[in-house]
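One structure below.
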Amino acid sequence: MDIVDKLRNKNIRVKEIPKWGTYLRQEWENNFASHLSNKEKEEIYLYDHSGFCGYLWHLFSYEKKECLQGIEAESAFNNEMKNKCYVFFQHSDYALLLENASRFNTDDLRNETGLDVYVVDNHFRWTFVKTHEIDFCGPYFSRKGRL
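No gaps in the numbering here: position 97 of the sequence shown is 97 in UniProt numbering, and each next residue is one more.
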């Protein structure tokens, strides 16, 4: 079962927004990495550069933003009040808008392996990130301000 069916079976309203990935990644960067200079962003490979694939979650793995990791991150996400939120991916323009998402939790992302999955509330106040390097990096949970 794919994520859309899984979420709809939990009575979560899912709207597929297939061309929003670029916009959501930029908004994520604007809201969570705005304290870094362009040079600092390049140093942590936030962007694709010289054959190296950039990842937004490097903000956390390079410890440039306060976050929770691992089980603590999963617990924070599961306990977060969720109504509307976006789900998007590092290397895809496909995205989802979820409404009535209170039952959305980390178990719903278990089959999203090999992907970097970003979840944010619709106001970009918090984020949960599941990386493709799940055994080594992440998952991460952070807030726009301080935790």
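For every residue, glycine included, the Cβ atom is placed at its ideal position computed from N, Cα and C.
Residue i (DSSP reduced to helix, strand or coil)
| i | result |
| --- | --- |
| R103 | coil |
| Y86 | strand |
| R8 | helix |
| F32 | helix |
| Y140 | strand |
| K19 | coil |
| L97 | strand |
| L59 | helix |
| G145 | coil |
| R13 | strand |
| D116 | coil |
| L46 | coil |
| K130 | strand |
| D2 | coil |
CB of residue i within 8 angstroms of CB of residue j, strictly
| i | j | result |
| --- | --- | --- |
| H58 | L68 | no |
| L7 | L98 | yes |
| Y55 | D116 | yes |
| I3 | E112 | yes |
| D121 | T22 | no |
| K144 | F32 | yes |
| S142 | T131 | no |
| Y118 | W28 | yes |
| K10 | L96 | no |
Per-residue burial, residue i [other beta carbons within 10 Å of its own, 16 or more giving buried]
| i | result |
| --- | --- |
| F136 | exposed |
| G138 | buried |
| K82 | buried |
| E74 | buried |
**OP:** Would you be able to state if there are at least three C-beta pairs under 8 angstroms between the stretch 94-111 and the stretch 34-46?
**Re:** no
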